[in-house]
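Quick note, the working numbering runs 1 ahead of the 1-based positions in the sequence shown.
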Amino acid sequence: MIREAVAIAHPNVALSKYWGKRDVPGNVPAVPSLSVTLGGLRTRTRVRWSDDPREPDRLMLNGRALDRTDGGRIYAFLDFLRRKLDVRGAADVETDNDFPTASGLASSASGFAALTLAAMHAAGAGTSWPRVADLARQGSVSAARSVLGGFVELDVAGAARPFAAADRLPLVVLVCVTAEGPKSIGSTDGMRITMDRSPYGRAWLETAPRIHAALCDGLVAGDFARVGELAEASAMAMHASAIAAGVTYWNGVTVEALAAVRALRTGGTPAYATIDAGPHVKVLAQPQDAARVRGVMEAIPGVRRIIEAHPGEGARVEGAT
Ligand code: 2P0
């Protein structure tokens with residue numbers, strides 16, 4: 002039996018957003034989403050299963066040991082994987098991100114995707130992507146999308162599928178980092194509060210599938226402007242529903258950056274904004290406009306740095322012993 006494996010996975014950014022869970026077991030999204038997996042930025046995770054069930058699990062994140070208090074969600078996921086993979090021994094996990102934490106690129110997506118794939122391969126389990134994505138989703142919904150490359154759809158049954166190849170739409174994602182440090186409220190709590198308290202929670206649940214369907218059509222047609230408009234509309238609808246419940250991820254620079262993206266459009270450059278559960282603005286641009294868009298965004302006071310990403314590959318095993 003293989004005991005150790007290393008897997009690589011990349012973060013993703015949703016063009017049509019997931020926000021809200023269905024009231025069923027298994028961490029299932031309430032709305033469909035469509036994302037693009039981002040090459041260039043990666044999580045690398047090594048998992049070793051021991052034969053001894055009495056040993057404790059061990060977890061290192063970016064060279065630092067994480068105990069059960071700080072890494073509770075990951076330890077709970079290791080318990081879940083042990084049950085699903087029929088493994089009894091302890092897990093020894095080392096995981097590293099080559100992109101900065103608090104960069105606005107959810108490391109939970111690439112992290113749970115790489116952890117799931119490495120753990121399954123190390124356990125000698127089959128690693129067909131539907132099964133990897135199904136288990137990864139139960140760590141974090143967006144992780145199911147990082148199992149696959151290019152443009153990925155995640156439906157309301159919780160199943161991820163490849164929607165289009167990475168080269169379907171020439172695209173650059175410019176992540177404009179507007180703050181350091183962790184976000185004030187995690188996604189899981191933010192969406193729960195939105196669904197419990199927002200007067201627009203129902204409106205979001207009704208609108209999101211329509212935006213998603215139209216965005217999928219735009220992608221099939223290779224229509225960058227249509228995809229961009231709908232991606233921005235999805236992010237605005239998601240955040241409007243959250244803000245109405247007091248869940249505000251934006252800061253002042255977020256608003257300035259949004260205005261700059263709209264001014265670019267007014268000036269004739271097709272650039273569109275999307276925002277996740279944090280204050281950073283991710284600008285969608287075409288490759289030929291990337292340098293100019295980057296120059297405009299960099300000049301905004303409060304934009305600390307810009308990370309440039311492109312459509313990339315899904316999760317894969319790097320090596321097994
Ligand atoms: C998305 N986000 O579709 C949305 C848009 C953030 C805003 O998926 O509770 O880490 O672990 O399923 O997947 C981030 O939330 O949340 C996310 P859980 P997840 O990308």
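Ideal placement from N, C-alpha and C gives every residue a C-beta, glycine not left out.
Everything numeric in this text was worked out from a predicted model, so none of it was measured.
Note to self: Under DSSP, the alpha helix (DSSP H) around Ser-36 begins and ends at which residues?
What the structure shows: On the sequence shown, residue 36 is found 35 positions in, with the first residue counted as 1. For Ser-36, there is no enclosing alpha helix (DSSP H); the enclosing beta strand (DSSP E) covers residues 34-40.
Notebook entry, point to check: Start and end of the beta strand (DSSP E) containing Trp-50?
Noted result: As a first step, residue 50 must be located in the sequence shown, where it is residue number 49. 44-50 is the span of the beta strand (DSSP E), which, as asked, contains Trp-50.
Next item on the list: Spatial neighbours of Ala-286 within its chain, please: CB distance less than 6 Å, with the 5 preceding and 5 following residues excluded, ordered by chain position.
Entry: Along the sequence shown, read from residue 1 onward, the residue named residue 286 stands at position 285. Result list for Ala-286: Val-173, Ala-272, Val-294, in chain order.
Item checked: Strand pairing of Arg-306, partner residues [DSSP] -> Taking the sequence shown and counting its residues from 1, one reaches residue 306 at position 305. Paired residues: Val-178.
Margin query: Only counting the same chain, and skipping five residues up and downstream in sequence, which positions put a Cβ closer than 6 Å to that of Ala-134?
Written below: The count along the sequence shown starts at 1 and reaches residue 134 at position 133. Same-chain partners within the cutoff: Ala-145, Val-148, Ala-161.
Check: Between the Cα of Asp-197 and the Cα atoms of Gly-229, Glu-233, Val-228, Val-248, which residue gives the shortest distance?
Finding: On the sequence shown, position 196 is the one that residue 197 refers to. Out of Gly-229, Glu-233, Val-228, Val-248, Val-248 has the C-alpha closest to the C-alpha of Asp-197.
Next item on the list: Run the CB neighbour count on Pro-183, radius 10 Å, all protein chains shown included, and call it buried at 16 or more, exposed below.
Entry: Numbered from its first residue, the sequence shown carries residue 183 at position 182. Counting Cβ neighbours within 10 Å, Pro-183 comes out exposed, since fewer than 16 surround it.
Item checked: Nearest-angstrom Cα separation, counted from Arg-263 out to Arg-227 -> As a working mapping, residue 227 is identified with position 226 in the sequence shown. As a working mapping, residue 263 is identified with position 262 in the sequence shown. Taking the straight line joining both Cα atoms gives about 15 Å.
Checklist line | Inter-residue spacing [alpha-carbon to alpha-carbon] between Glu-95 and Phe-113 | finding: Mapped onto the sequence shown, residue 95 falls at position 94. Mapped onto the sequence shown, residue 113 falls at position 112. Using only the alpha carbons, I get a separation of about 12 Å.
Checklist line | Burial state of Gln-139 (16 or more Cβ within 10 Å) | finding: Translated into the one-based positions of the sequence shown, residue 139 becomes position 138. Under this definition Gln-139 is a buried residue.
Item checked: Bounding residues of the beta strand (DSSP E) (the contiguous stretch that carries Tyr-324) -> In this structure the chain extends from 2 to 322, so residue 324 is not present and cannot be described.
Next item on the list: Kindly indicate the opening and closing residues of the alpha helix (DSSP H) around Asp-277.
Entry: Reading the sequence shown from its first residue, position 276 is the one you call residue 277. Where Asp-277 is concerned, there is no enclosing alpha helix (DSSP H), given that its DSSP letter is neither H nor E.
Next item on the list: With hydrogens ignored, establish whether the beta-carbon of Tyr-201 is closer than 7 Å to any heavy atom of the ligand 2P0.
Entry: Here residue 201 corresponds to residue number 200 of the sequence shown, with the count starting at 1. The ligand 2P0 never approaches Tyr-201 closely enough for any of its heavy atoms to be under 7 Å from the residue's Cβ.
Check: Taking the C-alpha atoms as reference points, what is the distance between Ser-123 and Lys-85?
Finding: By 1-based counting over the sequence shown, the position of residue 123 is 122. By 1-based counting over the sequence shown, the position of residue 85 is 84. According to the sequence as given, residue 123 is Ala; it is not Ser. Distance between the alpha carbons of Ala-123 and Lys-85 is about 13 Å.
Notebook entry, point to check: For the region 301-309 against the region 239-259, are there 3 or more C-beta pairs whose distance is under 8 Å?
Noted result: yes
Next item on the list: Enumerate in chain order the residues of its own chain whose CB-to-CB distance from Val-1 is below 6 Å, with the five nearest sequence positions on each side excluded.
Entry: A query on residue 1 cannot be resolved here, the shown segment of the chain reaching from 2 to 322 and no further.
Next item on the list: May I have the straight-line CA-CA distance separating Val-284 from Val-176, to the nearest angstrom?
Entry: By 1-based counting over the sequence shown, the position of residue 284 is 283. By 1-based counting over the sequence shown, the position of residue 176 is 175. Near 6 Å, if we compare the C-alpha coordinates of Val-176 and Val-284.
Notebook entry, point to check: So is Asp-53 buried or exposed if we call it buried at 16+ other beta carbons inside 10 Å?
Noted result: Position 52 of the sequence shown, counted from the first residue, corresponds to residue 53. Exposed, since its Cβ has fewer than 16 Cβ neighbours within 10 Å.
Next item on the list: Rank Leu-220, Pro-12, Ala-8, Gly-187 by C-alpha distance to the C-alpha of Arg-49 and give the top, closest one.
Entry: On the sequence shown, residue 49 is found 48 positions in, with the first residue counted as 1. Closest option to Arg-49, Cα to Cα, is Ala-8.
Check: Any chance the CB of Ala-241 is under 7 Å from a heavy atom of the ligand 2P0?
Finding: Looking up residue 241 in the sequence shown gives position 240. No, the beta carbon of Ala-241 sits no closer than 7 Å to any heavy atom of the ligand 2P0.
Next item on the list: For Phe-100, name the three-state secondary structure that DSSP assigns.
Entry: Within the sequence shown, the letter at position 99 stands for residue 100. Look at Phe-100 here: in three-state DSSP terms it is coil, with no helix or strand label.
Next item on the list: Return the chain-ordered list of same chain residues with a C-beta closer than 6 Å to the C-beta of Phe-100, the five sequence neighbours on each side being excluded.
Entry: Residue numbering aside, residue 100 sits at position 99 when the sequence shown is read from its first letter. The answer, listed in chain order, is Leu-42, Leu-106.
Next item on the list: Mind checking which residues open and close the beta strand (DSSP E) that includes Leu-62?
Entry: Counting from 1 along the sequence shown, the entry for residue 62 is found at position 61. Where Leu-62 is concerned, the enclosing beta strand (DSSP E) stretches over 59-62.
Notebook entry, point to check: In three-state terms, what does DSSP make of Glu-314?
Noted result: Position 313 of the sequence shown, counted from the first residue, corresponds to residue 314. Glu-314 sits in coil when the DSSP states are folded into three classes, being neither helix nor strand.
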